Structure formats: structure tokens, C-alpha cells
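Participant:
Chains as they are written, first to last, in this note's numbering: chain Z, 49 to 530; chain A, 28 to 293; chain Y, 43 to 257; chain H, 158 to 806.
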């Protein structure tokens, strides 16, 4: 039941904001209230699923994977909404953006959340496809929020590439449906369970082709390398809170759909085929990004490429199977938390320095001390330096991989080292050095730093102690995958 | 223990003999072989002039260097590394004393001295190593390595005691002098001690060479030492002093002699 | 409708897609798209006649209204309104496009995709043609430079997927129908809002001017 | 052991809390460090005497592979002893030294990272699980990175920190690969499991693990090909930290090499030891040569750390060769030699770094050319620095000589007992050790002479005063320690020779006594007996008539010029003369002449520079794929689809 409340409340929020356009901060209040409500609901769902296992009703079926994703979306959702309140006040103060645009932002944001929740919990592939299409639409308009030519260009590219990807995904889903429709005549909605049960009738070759189409289709949404081209420009031109949401929440959601289809293909032709494909894409993404990062000159693109690399690492984790799956899930959670905190800190830097180019940003430690510390901790965590959890998950993925893909693991380790150098070069150039004279030092407002500290706090707690219910959810997912 | 007395007693004598031999080769009579004793006595009783810039190292170095030669003399038949590194203390303080007065000559003297002694160290250690273990030679033939080791040792002797091809003890020409330039600033009893220390060092080397290379017995040692003095005097009067940058090649040759000696021996 | 007429109709669609690939004038490709969607509505109407499923009738009407009438008219009006230059440039010259289209059709009919095209053995040739349609329309998007022709390309791509679904025996399935409806809905929004935005900012619908967002 | 770590953690977080008030934070962090160090000393000494080996597990852990398990055996106790010893002296030193950072930087952060650094080191030497070791290893590196860039106003330090962390990270990647291969064959990361399962690892894989571990730990220890970060990073850190880093941190690399090569991978082929021997000799030779070319005092000391690491590797390499030729007696001798030299190097290297720190604190520059005549203003620091330089150039009464003497004995035994090619490698190693000894002596005469003796080379030296009290206590304690370790090294030497008869042995105490007695005798005789009535007149140095300006003295570059020209094959020196004339027309009246002698670091210009260029070229080429054209992006997806379909079907 809770899921209906969540989606319903989001749609309701967007309607209220549209209707009561007059009141001054109706948008802010409603969106914060709704995101808190959604967090409580998804926590309840997670606890319920942890205790009683997957359950489904009407159009929704929530399994442990879905519950974890809901938790991620809810946590990132609350933090970004709180951040965007203060962020837009500052932007309005510098009259970069008008108040109508801010209202549009909150409307689209709640639509975006409802679409993501639907995508993760829907019980039929077509419904998830429509939900993902919905996210593409809402984010396309969000990217073009600033109404500058570059924002429009980024939105256009985002739109064209993602809709082609989704059409490929649609074709892939259709291929999965072909043998199934002939069986049940009543024409009811085909759910994941129906697909899974008679996956065995699926012709092996068709399921292979279907999985390729789905992987490349939804892979565009996740941003694996050949299909990643929209990501850097979209993240740079979008408002910062949206960047955090895109990489923190949308990436895992799109990835869950690939995983669900992989489950079906695994039952028909065994896991090896799916795993090899995932490893292939993961490897290309990590190696490609580790070279590109060295030559970047914009710190937002740096974060975009880093999320491509982490997407590659997660695909790799699922590709290696066994211990790798648990590690990849943990890696997804850690990555969402740390990447969104990095994005929010980069938002602060953008507000202060008014330019995203690395050349203009110097001496952040002097100008924004707290943000600099959050950014450094985030940088150390995201590149997998040990004291933090992501090092552990990286090692676990490697241990899963070393058994039968030794060369791949060695290449990955070397390219992560190269990635560390690239990322570190830019971060140390930004953090240290003399403060440019035009910038006056001092944190903009405490509300712009609390969200990052909150995210990093959760991350550090999770990297040392995993609560039992989350542990149970992770085990269920790890068990369900070959 | 008797070496502590014998070495300082007879070292000026050897230097006197060398000077006498050189004089004979230049067919002049030259001073008597006991002249060094008189010089030392004279220097001990003269006043001293100490530079304003010098620190306690300059004042205290002569005592350490002299004492080092005595200590080295004391455990001559002890461990070879100990002897080498005790003499190295002497060189260390000699070079520091040279630099302490802040005059250009002292600085360059210690820089050249350290270059020479750094390169000679390899040859020195290896030659003593071969000789002290010559009886352990596994596959018998120990004559050729002995010769090579002795040649290497003799070159090191000339280098360490600042004799001819490396440094001309008689000259004060700032372009060539190494040992003399370091003790340029000294006078009075400190100069005496420094001179005496270098005499002792020479005698220690001759004694080492004699004792290790020709084990005929204790009685023959004075004769062999005399032979050493004669050889040194002979070289000083027939050979020209090498240019400074050809010295490393000579020292590397001595090092290679010793390495080949060890290679052959075991 | 026996196989022969189906083949004949599919041949018409194939020609329209090839034509929109080559046509110099943009209006030609829009008219081509109109004809294509007309044939698709006929096909869905035929499957409605066969099965008598009411929802199919609803979809027939919807596609007819939107794809056959609204979309072409709207695009033509858009072109007139913005005096968009007539010629729709492509990256490759015509002979090369022909060669690629030929290779793609050969690939679609090849042994590689054999299992895909024999889902329903009777429709083997139809499915093969539909698959080649998909590949060609994908290539159309890549080849065209104008924003409007790219949208036309994406819509043809969507049409070919629908055709493949129909021939692969998915007429009945609710999924296909929802998919079609939602797709139409999405593309109405995109074409109306985005095209005007691009035009306002870039002065022309030529995509090649949008290249300043690079690393 | 756990309470030792807790003390340091309290120190770390305490100094963070107190960061508002500089003085309090400084006192808190240093006093905590001193208490922790004393506790560590007591712990290690009791552990050493009673031969207790203890293992701990800290808390249960949710993840399967990682178990926070510590195992303390004699080797780790020895290293805990070194760490706590040097931490004790460097924190005493830091009490006054950190005062000159007071207004500039956040002292709380310095205390926090200092304590984290020590905790990292303690965990590294005691952890017995691969992943726990890697976590401790990286905590140590990251904490020391923040210490290196502590003085961040000077951009060179930030650049030094960058090179340091990048090199350490590359080293860690090699170590991770090595551990992964071990995990693959033995199925777990725990050292005991690896040790018992090490027989199942095929020989080829063992060699691969050896090479990877050598590169990984060699980068941390600073052996020659991977040493470029050491002369850059150590000088950048505050002096008490660089003392700790070069005294102790690089030894953790040695500790892990011993742990893996001598303990885990035991049946070991001969060529491993020989390779370490060769690397050791090359590192020691090149280390000392580059040290000679330096005129930045802290860089000179950093290069000497490379040289001493080379000497330690000689001991380690010979012990590895002897174990593989199963001569346990000699193996024990050479291992004790290398461990004794690790202890000695820790003491005299931190002493020298502290001395350098005191000098830099007063003169505010690291360039030796601007020093000179400091012995008049800082007599005690000069004395301690003299003791340090005598110890490092292995002059007898101090501890440096006795550990080098043991290494020599090990190498001599190698020459006498082994045969054919192995003998010639041992001869090459002994030769390089001999030359390193000589060149080190020359280098430290230059360092001490140029800094302390004669007149000051730059005018404004009047306001220099002696180093504050706590600095002198720190340095005094360490110099006393070098002397005591030297004199009482007899026990260690007899322990080393217990089952091998050496042709000669040296007993330190009677050498020292005889040395003292003779010096006193000479002074008595010379000063009071012979010329009690001579006067000592003080007047200027002989100046052949010209006025004796600072230009007359020899400079550090001048001193080393002859040696550099002799070794110009390796060092490739380039001499540059900048002459300034009174008036530009006639060339005969130069106003001033500046000679700069630059040495080309062959590793940098022939290995690291080209590597960097290649990576940059590749990354720029790949970046161009993001060309901005939408059609190109769609083309990538199209190609990906076609390739995937063809490749998979």
C-alpha cells in the first residue's frame, strides 16, 4: 500500500504547486513535506520486505532489490530537496533564475520522483519502460531550466540519445514478450513473474538478442561507455541538485531494470552470456574514463565521468557474479551517497566562483573550508582509498573477478590507479593554492553544507556497520542472482 | 700495546729516510734522517696563531687526528674494517679542519682529499680483505692474487698518505697541494701534531703492507719498511705528479686489481 | 488479409523510408512519414477486423488522427512558420547511403537473424523486411543533420518497431498498445516544446550548429 | 596493543577538538604522543624479553574477507620499538618546533594527522590480514600526505604532496594485485592461511608476486627506480614529521618485504635474493651520488635515506640468498645486520633531520649556499649534527659503523663461501658498499662544513640564536642514543655470530675506552707538559692580501664539483655561467658571476617524463571522441549495437 501513497503524494504535490501558484513558498514546503513522507514510507516498505519478503498487489511488486532502490531514491531525494531550497534562494538573489522557473523546477522534480518510484516498483516491464520514459521527459525539461542556449543543446542531446536508447529497450521488451503472449489469451498485463516462470520456453537466441537490445537501450540511461555521450553535457548544464539526483538515483534505477531482464535471460541460457556482456561494457567504461579524466577542464564533467566509471564498476561487479553481486550492491549504495554529496559540494563551488572551469577555481580550502573538507573526503571515498567503504567493495569485486578473469581485474586495478591520478590532479589544483581576488571567503549558508555532511555521515556509518535489515535485503538479492 | 709507542717514535725516522733518498737521487746531500725530529721539537715550542673564524673543531682536530693514528696503530693486527674506519675518522676531521678557517685553499684541499679518499676506500677494503684471508684460498694458487693485491694496496698507500703521484708533500702550490692545503692555517704545536699524525699514518700503512704481505717474521719488518721508504722515495724522484682528474682512473685500477685478486683466490 | 497484400503494404512502407532517406527536400520525408503511418493504421485495422478487440479500434483511430494527420501538418506548419531552409542535408552523399541501405537489408535477411525472423514461420519474409526497416530508420537518424528530420527519423524507427511487433504476433498484447499510445504522447510534447525552444535559441533547426558542448 | 592504539586515537581526536587554541592543541597532541610512545617502548621491550607472540581480533565484521586481526611476533615488536622510539623524540622535538606554525596553520589538524600517521604505522606492522593491512597502509599514506602538504602556502609543497600520493597509490595498486594473486591460490587474505597455503602457489605465480611486492613495497621504501617522490616529499613536510617519515615510514616497506619474502613465501628461489642485492647496491650508490649534487639540506638527507635503504636491502638480499641456499647461520647474521642498520638509520637520520629543521627554523631557507658559520650561533645543534653525520658515515664509536660492519661480514662470508656468478654479485655488492661509505663521508663533510663552519655566506646572520630547549633535548637524546647503541652493540654482534665463526670480531667498548684514554693523554702531554708557556694569538685567516669576503669560502656545489665531474656519465651535469658585466661593451670587467650546476635525474627524464607524455597524448585523443556532434553520438550507439549483435551471436 505504501507505494501508492508515495506516488500519489508526489503527483498531488506537483498538482498543488501548479494550482496554488500565487502563494510564495508553497512549492518549497510541499516538496520537503512530501519527500520526508516518502522517506518514512520507503523505510516502512524496506522493513516490511526485510521481514516478510517480496509482496505485490495491483500494478506493483516490490522485491528486496526494489526496496533497496526505494531507500536510495528516498534518501537522495530528501537531501537534494533540502539543498535545492537554499540553492535556489541564492540563485534568485543573483537573479540567475526567476521564481516561476523555480516553481517549474519543483513541479518537474516531484514528477521525476514519482516516475522513479514507479519504475522501481512496477510489476510489468512495459510499466517500468513508461516510467523511465517519464523520467527522461521530466529531466529533459529540468536540464533546459536555465533557458540558455547551452542548456537547450544539452537537453536536446539528452532527449534524442535517451529516447533512441529507450526505443531499443522497448524493442527488447517486445522480443521478450513474443513467446509469452501466445500462451495467455486474456491479454492481461505481462508481469515480471509471468516472464520469469515461462522464461524456459523462450528461444535461447531470441533471449540473447533481446538482452543485447535491453542492455544497450537501458545502458544509455545508465551511461555505459559507448552510450555515455549525453552524460557530461547534461550534468554540467543541469541545475546542481538535479546532477546529484541523476547520478545518485536515476543510475541505479535504470540499472535495476537491466538486472531484472538479466534474471530472465539467465534462466533461459545460463548466466555466462549475460555476465560476459556486462564485464565487456564495464571494462570499456572504466578504461575509457580513466584516460579521459586526465584531460578534463571542467569539474562538473569530472564528476560526470566519475559516475560513468562507477557505473562501469557496478556492471563489472554484477558481471563477476557470486561475491561480486553483494559488493556491487554495496558499491551502488555507497556511490549514490558519495556522488550526490560531491555534486552538492560542486554546487557550492559554482555559487561562489560562478564558473565551472577548473582553471578559474583555486584555493577552495580558503574560500569554502567546510565544502573543501567534504569535497576532499568525497574525493578520497569515490576513488576507493581504503579507510572508506568503497575500497572494500572494490577489493571484493576484484576478488570475485580474479578467479576466472585475472587479466580483466589487473587492467581494472591499473586503470583505477590512473583514474585516481587524474581526479587527484584536478582536486588538489582546486583545493589548494592562492584565493583569486574577486572571491570573498566564507561559507555561503549553513544549509548548503548540512546535506553533504548528512550524506557523508550516512556513508561512513554504512561503511563500517550495516544495519541488519539492510543486510537481510542485500543477502536476498545476492541469493536471487546466479 | 707496544705499537702505541713504537709507531710515533719511528715514523719521523722513515720520513727522514725518504727525504734523504730523494736528496741522493737529486745528487745533493740533503738534511740528516733525524731532521724531522728536530722540526717537530721546534714546532712544539713555537707560539700559535689561530684564525678568528675558526671554531672549536679547528682547535680540537689535531688532537683527535693524532690520537686516531695511535689507536689505529694499537689494533693493527685486529679487525681490518676497524683500522680503515678509524683512519677515516682522521680524514673526516682533517677535511673539516681544512674548511673551518674559511680560506679558499683549505676548502679546495678538503674537497680534493675527500674525492681521493672516497675512491681509494674501495681498493683499500678489498686489498686488506684479500690479504687477511689469503690462507683461506680454496683452490691453492695464492701467488698471483698476492701480487695483484699488493699492487692495489701500494697505490692506495700512495693515495692515502698523500705521496707522489697523488699529491706532492713538499709543495705549497695551491693548484696541486691536497694534504698541505688543509694544514695551511695551523702553526705551533697543532701543526706539529698534524705533521706527526701524517708521519704515523705513513708508517702504519708501511707496517700493514709489510706485516700482511710478507709474513717472514717480526725481525724482517724494519727491512721491509725501509724497502717501502725506498720505493716511495724512488717514485717521488722519477715520476711526475698526475693531473687531478687522472687520479680516479689510477684508483679504479687499484680497485680492479683487488677485485680480480679476490675473484682468482676463491 | 493474406500474406501477399501484407507484403505489398510492407513494400510501400519500405519505399517511403528509403525515399525519406534520400529525399533532398524535408517536406518529402514528412509526407513519406504520413504515408507510412497510414499503412500502419490499415494494418492495425486489419488485425482489429480479425480479432474484433475494441481497444484495437481505439488505437487505430488514435494513430490515424495523430500520426497521419496531426504530425505531418504540424511539421509542415512549423517549417513554413520558421522559413526553415528546404534542403535537409545529410552526412553521406546519396550513392553511399544507397550502399549502406542495401547492406543493412542484406544483413537483416542474413542467417544471423534467422531465429528472429522465424518467430512466426509464415511471416518470415515480412519479419525480415521489418527488421531491415528498423536498421535503416536507425541509420536515417544518424545520417540526417536537421533537428526536424532527426525527429522524423526517430518516429519512423518507432513505426518500424510497431510493425515488427504486429507481424511477430503481438497484435493482441496490451503492452504494444500502451507502448504506442505513450510514444505518441511523448513525441507530441517533444516536437511542440523543444523545436520552438531550439529555434528561438539557435535561429535554425540545423543540429550541426550545436557543438560547443564538448570536452 | 589495543590500548596503545587507543592512546594515539585519543590524541588524534583530542587535538581536533582543541584546534581553536593553538598552544593547548600543540601541548595536548605532543604530550599524548609522548605517553603513547613510552607505552609502546615498555610494551615492545617486555614483549621482546619474554618472547611473547600475541594475536588480537578487533570486533566482528559484517564483510566476509576482512577480519581486523593483529598478530604481534618478534619482528613486529622490533618495529613497534623503532616507531615508538622515534615518535618519542620527534614529539619532544615538536613541542617547541611547531611554535613557528602557530598563527599560520591549524595546529589541531597537524596533531590529528600526526597521530593518525602513527596509528597507521603501528597497524601496518601488526596487522595479519591482507585487507586490514591495505587499509592501515593507505591510512598511513593519506595521513602523511596531509602532513607533507601542511605548509600549503608554498605551492611547491602541494606539488610534492601530489607526486608523493600518486607514487604511493601506484605502489599500493601493485600490492593489491599481489595480494589478489595470493588470495586466488590460497583462498584467503590472512597471512597465516597464505603462509600455510603458499606451497600450492605455482612457482611462476610466486615470481609474479615477488616482482609486484618488490615494486609495491620498493616504492614505499624508495629503492632506486621508484625513489623520485622521496627527495621531493620528505623536505616538504615539517621537520619532526620528515624525521618520522624517513626514519620509520620507509622501514614499513622493508618490514613487509621481510614478512612476505622471508615469512610467507618461504621456499624461495635464489635469484630473488640476488635481485634485491643488486637493487640494494644500485640504490645505495645512486642515492649517495645524487645526495652529493644536492645543495638543499633536507633533499640531501632524503637522498641519504635512499642510500641507507640500499644498505639495508644488501643485508636483506644476502639473508634471502643464504636462506634459499639453506645456510641458516649466515642468513641470521645478515638479517640481524639489516635490522640493526634499520634501527641505527632510524636514530641518526631523525637526528640529522631534526638538526636540519632547527637550522631552517633559524635561517628560513633550505639552501646550503646561504648557510655558513652557524657553529658560532648554534653550538649545541652543530655538535648534535656532527654526531649525526659521524654516525651516518659509519665512523667507529657510533652505531652506524657497527651495523655496516655486520653487513660487511655478511657480504664477506658470501664472497668466501659461495661460488661462480653469486660470488661476483656479492663482490659487486661489497664494492658498491665500500664506495658508498667513502662518498657518504665526502657528502657529510660537505653538509657539515658548508652549514656550520667558517664564515656565513649571506650577510644577515646576526639575529640567529640557539635552538629552543625541547629541540635540543630531542636531538641530544638521539645523539646519546647513537653513542649508546654503538658502544653496547657487542651483544647484538655476538648474537649475530652465534652459529657462524667469523675470522675477526670487533668489541666496541674497549675500542671506545682506548680512544678516550689516548685523546686525554695527547691533550695532557701537548697542552700542559710541552708548551705550557706558549701563547695563542688570535688573528685573521691568511688572505693573500685581498679582503676575505664570503666569496672566498668554498661553497657546497664547489665542494662536490670534482666528484660530480668524475661521475658525469651517470649524473650528466650541466654547468651554467651567468656573468654580469659593469658595462655591456667590454667583456673584461665582470661585476658578478653566478655558476649554477644542474644535474639531470636520469630516472625522471628517461622513464617518468616519456610515460607522462604518452598518457597525456592518449587521453587527449580519446577525449576528442566527445566531439559535440549529436549524430556522432548516435553513430556510437549504432556501432555498439551492430558489434554486440555480430560478436555475441
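All C-beta atoms in this analysis are idealised placements derived from N, C-alpha and C, irrespective of residue type, glycine included. For clarity, every value in this text was computed on a predicted model and none was experimentally measured.
(1) Run through chain H and tell me which residues come within less than 9 Å of residue 545/Z, C-beta to C-beta.
(2) Once you ignore the five residues that flank residue 378/H on each side, which residues in its own chain have a CB closer than 6 Å to its CB?
(3) From the beta carbon of residue 465/H, is the nearest beta carbon of chain Y less than 8 Å away?
(4) Below 8 Å on the Cβ atoms is my contact criterion, and I expect residue 244/Z with residue 317/Z to pass it. Report the Cβ-Cβ distance as a whole number of Å.
(5) By the DSSP assignment, the beta strand (DSSP E) with residue 213/H in it spans what residues?
(6) Rounded to the nearest angstrom, what separates residue 628/H and residue 515/H at their Cα positions?
(7) Assign residue 188/Y to one of three DSSP states: helix, strand, or coil.
(8) For residue 105/Z, write down the residues that DSSP places opposite it in a beta bridge.
(9) In angstroms with no decimal places, state the Cα-to-Cα distance between residue 793/H and residue 775/H.
(10) For residue 272/A and chain H, any beta-carbon pair shorter than 8 Å?
(11) Any idea what DSSP makes of residue 346/Z, helix, strand or coil?
(12) Apart from the five residues just before and just after residue 162/Y, which ones in its own chain have a Cβ nearer than 6 Å to its Cβ?
(13) What separation, rounded to the nearest whole angstrom, lies between the Cα atoms of residue 499/Z and residue 373/Z?
(14) Check residue 576/H in the structure and name its three-state DSSP category.
(15) Measure the CB-CB distance between residue 194/Y and residue 143/Y and report whether it falls below 8 Å.
(16) Does DSSP classify residue 76/A as helix, strand or coil?
(17) When you compare only the Cα positions, how much space is there between residue 760/H and residue 329/H?
(18) If you follow the alpha helix (DSSP H) that residue 172/H is in, where does it begin and where does it stop?
(19) Give the single residue among 371/Z, 454/Z, 384/Z and 130/Z whose Cα lies nearest to the Cα of residue 354/Z.
(20) Between residue 87/Z and the rest of its own chain, which residues show a CB-CB distance below 6 Å, the 5 nearest in sequence each way excluded?
(21) Tell me the DSSP secondary structure of residue 695/H in three-state form.
(22) Measure the Cβ-Cβ separation of residue 426/Z and residue 504/Z and say whether it is below 8 Å.
(23) Name the residues in the region 194-212 of chain A whose C-beta lies less than 8 Å from a C-beta of chain H; which are they?
(24) Cβ of residue 228/H within 8 Å of Cβ of residue 374/H?
(25) Is residue 425/H helix, strand or coil when you go by DSSP?
(26) According to DSSP, is residue 747/H helix, strand or coil?
(27) Beta-carbon within less than 6 Å of residue 271/Z's beta-carbon, same chain only, minus the 5 sequence neighbours each way: which residues are those?
(28) Does the ligand SAH have even one heavy atom less than 7 Å from the beta-carbon of residue 349/H?
(29) For a test of the three-state rule: what should DSSP assign to residue 347/H, helix, strand or coil?
(30) Residue 451/Z CB to nearest chain H CB: under 8 Å?
(31) Please check the pair residue 324/H and residue 297/H, which I expect to be a contact at CB under 8 Å, by giving their CB distance rounded to whole angstroms.
(32) Rounded to the nearest angstrom, what separates residue 225/Z and residue 101/Y at their Cα positions?
(33) Using alpha carbons as the reference points, say which of 523/H, 489/H and 315/H lies closest to residue 451/H.
(34) Would you mind reading off the limits of the beta strand (DSSP E) that contains residue 228/H?
(35) With DSSP collapsed to three states, give me the class of residue 307/H.
(36) State the CB to CB distance for the pair residue 204/Z and residue 109/Z, rounded to an integer number of angstroms; the pair is presumed to be in contact (CB under 8 Å).
Facilitator: Once the coordinates are examined:
(1) Nothing can be reported for residue 545/Z: it is not among the residues displayed for chain Z, which extend from 49 to 530.
(2) The residue given as residue 378/H occupies position 221 in the fourth chain. Taken in chain order, the residues that qualify are 407, 410, 411 and 466.
(3) Locating residue 465/H in the fourth chain gives position 308, where the first residue counts as 1. Taking Cβ atoms only, chain Y never reaches closer than 8 Å to residue 465/H, which makes this a no.
(4) Sequence index remark: in the first chain, residue 244/Z carries index 196 (1-based). Sequence index remark: in the first chain, residue 317/Z carries index 269 (1-based). No, residue 244/Z and residue 317/Z are not in contact; Cβ-Cβ is about 14 Å, not under 8 Å.
(5) Position 56 of the fourth chain, counted from the start, is the residue given in the question as residue 213/H. Looking at the DSSP string, the run of the beta strand (DSSP E) that includes residue 213/H is 211-214.
(6) In the fourth chain, the residue the question calls residue 628/H occupies position 471. In the fourth chain, the residue the question calls residue 515/H occupies position 358. Going from the Cα of residue 628/H to the Cα of residue 515/H covers about 7 Å.
(7) As a first step, residue 188/Y must be located in the third chain, where it is residue number 146. Strand at residue 188/Y.
(8) Residue mapping note: residue 105/Z aligns to position 57 of the first chain, counting from 1. DSSP output for residue 105/Z lists 108/Z as bridge partner(s).
(9) Locating residue 793/H in the fourth chain gives position 636, where the first residue counts as 1. Locating residue 775/H in the fourth chain gives position 618, where the first residue counts as 1. In a straight line, the C-alpha of residue 793/H is about 19 Å away from that of residue 775/H.
(10) Translated into positions along the second chain, residue 272/A becomes position 245. Closer than 8 Å to some Cβ of chain H, the Cβ of residue 272/A qualifies, so yes.
(11) Position 298 of the first chain, counting from 1, holds the residue named residue 346/Z. Note: residue 346/Z maps to strand in three-state DSSP.
(12) As a first step, residue 162/Y is located in the third chain; it is residue number 120 there, counting from the start. Excluding positions up to five away in sequence, the list reads 211.
(13) Stepping through the first chain from its first residue, residue 499/Z is reached at position 451. Stepping through the first chain from its first residue, residue 373/Z is reached at position 325. So the alpha carbons of these two residues sit roughly 29 Å apart.
(14) As a working mapping, residue 576/H is identified with position 419 in the fourth chain. Coil, per DSSP.
(15) As a first step, residue 194/Y is located in the third chain; it is residue number 152 there, counting from the start. As a first step, residue 143/Y is located in the third chain; it is residue number 101 there, counting from the start. Going by C-beta atoms, residue 194/Y is not nearer than 8 Å to residue 143/Y.
(16) Position 49 of the second chain holds residue 76/A. In the structure shown, residue 76/A sits in a strand (DSSP, three-state: E or B).
(17) Working through the fourth chain from its first residue, we reach residue 760/H at position 603. Working through the fourth chain from its first residue, we reach residue 329/H at position 172. Rounded to whole angstroms, the separation of the alpha carbons of residue 329/H and residue 760/H is 20 Å.
(18) Residue numbering aside, residue 172/H sits at position 15 when the fourth chain is read from its first letter. Residues 159-174.
(19) Taking the first chain and counting its residues from 1, one reaches residue 354/Z at position 306. It is 384/Z whose Cα lies nearest to the Cα of residue 354/Z.
(20) Here residue 87/Z refers to the residue found at position 39 of the first chain. Closer than 6 Å at the Cβ level, and outside the excluded window around residue 87/Z, lie 122 and 126.
(21) The count along the fourth chain starts at 1 and reaches residue 695/H at position 538. Of the three classes helix, strand and coil, the one that applies to residue 695/H here is strand, per DSSP.
(22) The sequence position of residue 426/Z within the first chain is 378, counting from 1. The sequence position of residue 504/Z within the first chain is 456, counting from 1. Cβ atoms of residue 426/Z and residue 504/Z: closer than 8 Å.
(23) 211 and 212
(24) What you label residue 228/H is simply residue 71 of the fourth chain in a count that begins at 1. What you label residue 374/H is simply residue 217 of the fourth chain in a count that begins at 1. Result no, Cβ atoms of residue 228/H and residue 374/H do not sit closer than 8 Å.
(25) As a first step, residue 425/H must be located in the fourth chain, where it is residue number 268. Of the three classes helix, strand and coil, the one that applies to residue 425/H here is coil, per DSSP.
(26) Taking the first residue of the fourth chain as position 1, residue 747/H is located at position 590. If DSSP states are grouped into helix, strand and coil, residue 747/H belongs with the strands.
(27) Residue 271/Z sits at position 223 when you count from the first residue of the first chain. Excluding residues within five positions, the ones whose Cβ falls inside 6 Å are 279, 356 and 359.
(28) The ligand SAH is not part of the structure shown, which contains no ligands of any sort.
(29) On the fourth chain, position 190 is the one that residue 347/H refers to. Three-state result, residue 347/H: strand.
(30) Stepping through the first chain from its first residue, residue 451/Z is reached at position 403. So yes, residue 451/Z belongs to the interface.
(31) For the purposes of this step, residue 324/H is identified with residue 167 of the fourth chain, where counting begins at 1. For the purposes of this step, residue 297/H is identified with residue 140 of the fourth chain, where counting begins at 1. Wrong, their Cβ atoms sit about 14 Å apart, outside the cutoff.
(32) For the purposes of this step, residue 225/Z is taken as the residue at position 177 of the first chain. For the purposes of this step, residue 101/Y is taken as the residue at position 59 of the third chain. The straight-line gap from Cα to Cα measures roughly 20 Å.
(33) In the fourth chain, residue 451/H corresponds to position 294, counting from 1. Nearest option by C-alpha distance: 523/H.
(34) Reading the fourth chain from its first residue, position 71 is the one you call residue 228/H. Segment 226-229, the beta strand (DSSP E) holding residue 228/H.
(35) What you label residue 307/H is simply residue 150 of the fourth chain in a count that begins at 1. Reduced to three states, the DSSP call for residue 307/H is coil.
(36) What you label residue 204/Z is simply residue 156 of the first chain in a count that begins at 1. What you label residue 109/Z is simply residue 61 of the first chain in a count that begins at 1. Not quite, the Cβ-Cβ distance comes to about 35 Å (not below 8 Å), so this is no contact.
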